[in-house]
Amino acid sequence: MKRNENKEGIKGMANPGRYGIERVSYWLMRITGLGLLAYFIGHIYETSSILSGKAAWDSMLELTQTTQGHIFLTLVIGMCVFHTANGIRLMFAHGGIGIGKPTRPDYPYLPHSMNMKNKLCIYASIGIAALAMMYGLSVLFGE
Amino acid sequence: MADTQIAEDQSSAETSTSKIVTLRIAKSNPEKDSVTKFESFQVSYERWTTVLDAILDVKKHLDHSVAVRYSCRQATCGSCGMKINGRPRLACFTKISELDSDVVTVEPMSNYPIVRDLVVDLEKMFDTHKEMKPFMVREDTEITPNSRELLQTPEQVEEYIQFANCIKCGLCNSACPTMATDSSFLGPQALAQAYRYVADSRDKGKNERLKIIDDSHGIWRCHFAGSCSQVCPKGVDPAMGIQMLRGYLLGFRK
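Chains A and B are the protein sequences, given in the same order.
One rule links them: number in the numbering used here = place in the first sequence (from 1) + 55.
One rule links them: number in the numbering used here = place in the second sequence (from 1) + 101.
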């Protein structure tokens, strides 16, 4: 008989509240990755409309000139900037760079891989994404 | 006489610090049904009372049927892992006073099949642990005639000794977001143990182990959320071990 594995599932994976900023960063990375994938599919659909002539292309472009379109593009800017900045941190970390050195642990056993450098990079990624979104908003709504 | 009086006074002062906490225990028996219900108990505790002490108090005086696994009571055997207020911890290593809550909820660890109440089946974790060949791989041994001790410098020991502290409690696998959705993932416990032996200068099985973990449900499923390291009660830091291990596969480390 197959036993219930008691998996936490998506709910457990998505709950970022219990494990600090690193888990928040993990969650944001997943969400922004999925968001950007959805944007790229939409972008291909948008640009392919040119095949149906100038009128179809113009009407598609008009969608991005609405308030909702501007908010959507601002979110895309935020997702793109956070995913890039945090992705660079992760590329180094995944190679074992910037995560500290193995050592004999001392109580209270603060993990070296969760060091201040990594935390600062996460906060900086969120901050840069927020600034980029504000700049995007000022450009899009300042016309 | 005066000394005795002072001792008694201190004793009564300490007794007066006793507080009451509501202990909510998840009760389930998968052999009967899949329902989990929480039963609440009022338990008195002192500054030093652990969650395991409180559970055993309930078991002794209020509900004998509570199923809990424990042994050493000093964070060495790794038997009493459970979710305490939503986070995987060792019950014997968690004081009620440090939780800073009037209600303490204890549940079985996630990502493991439940045996009953707070007891989970760790068999799969031990299987993946064994898959990592958790022993020295080399042709000769220290006990072969005419062989010498396998000497190491202090620096070589530092490379892996942290990871040798693993007590196989399984908290890391319970906290891991990948384990929450992927049943085939090896898990941080096994991967950290793979690093422990790969980084050991006496071991010659590096390529064998790297081959085992170089799998779509192996090391590449780790996304460095770091939750495994945050819940480890022995300071093992599996997240670091996994990234170091990935460094070997990506060519950053030799």
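Positions of the beta carbon are idealized from the N, C-alpha and C atoms, including for glycine.
query = In whole angstroms, what separates the C-alpha of residue 174 of chain A from that of residue 267 of chain B?
reply = 25 Å
ask   = Can you name the residues that DSSP bridges to residue 183 of chain B?
value = B/190
key: Min CB distance residue 123 of chain B to chain A below 7 Å   = no
query = In chain B, which residues lie less than 9 Å from residue 158 of chain A when you measure between Cβ atoms?
reply = 259, 262 and 263
query = Around the Cβ of residue 122 of chain B, are there at least 16 other Cβ atoms within 10 angstroms (buried) or fewer (exposed)?
reply = buried
message = Which same chain residues end up closer than 6 Å to residue 84 of chain A when comparing Cβ atoms and leaving out the 5 residues on each side of it in sequence?
response = 141
ask   = Using a C-beta cutoff of 7 Å, does residue 169 of chain A count as contacting chain B?
value = yes
query = Is residue 301 of chain B buried or exposed, if buried means 16 or more other CB atoms sit within 10 Å of its CB?
reply = buried
message = Considering just the uninterrupted stretch of the beta strand (DSSP E) at residue 125 of chain B, what are its terminal residues?
response = 120 to 128
ask   = Who pairs with residue 220 of chain B in a beta bridge, going by DSSP?
value = B/217
task = Report, in whole angstroms, the separation of the C-beta atoms of residue 91 of chain A and residue 134 of chain A, which I expect to be a contact under 8 Å.
result = 5 Å
task = Please list the segments of the alpha helix (DSSP H) lying wholly inside the segment 89 to 119 of chain A, counting only runs of 4 or more residues, in order along the chain.
result = 109 to 118
task = Can you have a look at residue 63 of chain A and say buried or exposed, based on whether 16 or more other CB atoms are within 10 angstroms of its CB?
result = buried
key: Residues of its chain near residue 342 of chain B, where Cβ-Cβ distance is below 6 Å and the 5 sequence neighbours each way are ignored   = 264, 293 and 296
key: Segment contact flag, the segment 309 to 321 of chain B with the segment 242 to 255 of chain B, C-beta cutoff 8 Å, min 3 pairs   = no
ask   = Does the separation of the CB atoms of residue 291 of chain B and residue 210 of chain B fall below 7 Å?
value = no
request  = Determine, using beta carbons only, whether residue 351 of chain B comes closer than 7 Å to chain A.
outcome  = yes
key: Closer than 7 Å to chain A by CB, residue 212 of chain B   = yes
inquiry  = On the CB-based measure, 16 or more other CB atoms within 10 Å of its CB, does residue 163 of chain A come out buried or exposed?
reply    = exposed
query = With respect to the alpha helix (DSSP H) encompassing residue 330 of chain B, which residues constitute its N-terminal and C-terminal limits?
reply = 328 to 332
ask   = Can you give the beta carbon distance from residue 166 of chain A to residue 330 of chain B, rounded, assuming they're within the 8 Å contact cut?
value = 4 Å
request  = Keeping to the same chain, check which residues put their C-beta closer than 6 Å to that of residue 124 of chain A; ignore five residues upstream and five downstream.
outcome  = 118
key: Chain-order list of residues whose beta-carbon lies under 6 Å from that of residue 142 of chain B (same chain, five-residue window excluded)   = 124, 159 and 163
message = Rounded to the nearest angstrom, what separates residue 333 of chain B and residue 182 of chain B at their Cα positions?
response = 11 Å
inquiry  = By the DSSP assignment, the alpha helix (DSSP H) with residue 194 of chain A in it spans what residues?
reply    = 171 to 196
task = Taking residue 10 of chain A and residue 281 of chain B to be in contact with their CB atoms under 8 Å, please state how far apart those CB atoms are, rounded to whole angstroms.
result = Nothing about residue 10 of chain A can be reported from this structure: the residues present for chain A run from 56 to 198 only.
Residue 139 of chain B (DSSP reduced to helix, strand or coil) = strand
task = Identify, in the order they occur along the chain, each residue of the same chain with its Cβ nearer than 8 Å to the Cβ of residue 180 of chain B, setting aside the five sequence neighbours on each side.
result = 170, 171, 172, 173 and 270
inquiry  = Taking 8 Å as the limit between beta carbons, can you name the residues of its chain near residue 176 of chain B, skipping five residues before and five after?
reply    = 191, 193, 194, 268, 334 and 335
message = Output needed in chain order: residues of the segment 309 to 335 of chain B with a Cβ under 8 Å from some Cβ in chain A.
response = 324, 325, 326, 327, 328, 330, 331, 332, 333, 334 and 335
inquiry  = Per the DSSP calculation, residue 145 of chain B is bridged to which residue(s)?
reply    = B/121
ask   = According to the Cβ coordinates, are residue 154 of chain B and residue 237 of chain B closer than 7 Å?
value = no
query = Is there at least one non-hydrogen atom of the ligand SAM closer than 6 Å to the beta-carbon of residue 136 of chain B?
reply = What this structure holds is no ligand at all, so the ligand SAM is not there to describe.
query = Excluding sequence positions up to five away, which residues of its chain have a Cβ less than 8 Å from the Cβ of residue 169 of chain A?
reply = 75 and 77
ask   = Going along the chain, which residues of its own chain have a beta-carbon closer than 7 Å to the beta-carbon of residue 80 of chain A, five neighbours each way excluded?
value = 141 and 177
inquiry  = Any beta carbon from chain B within less than 7 Å of residue 100 of chain A's own beta carbon?
reply    = no
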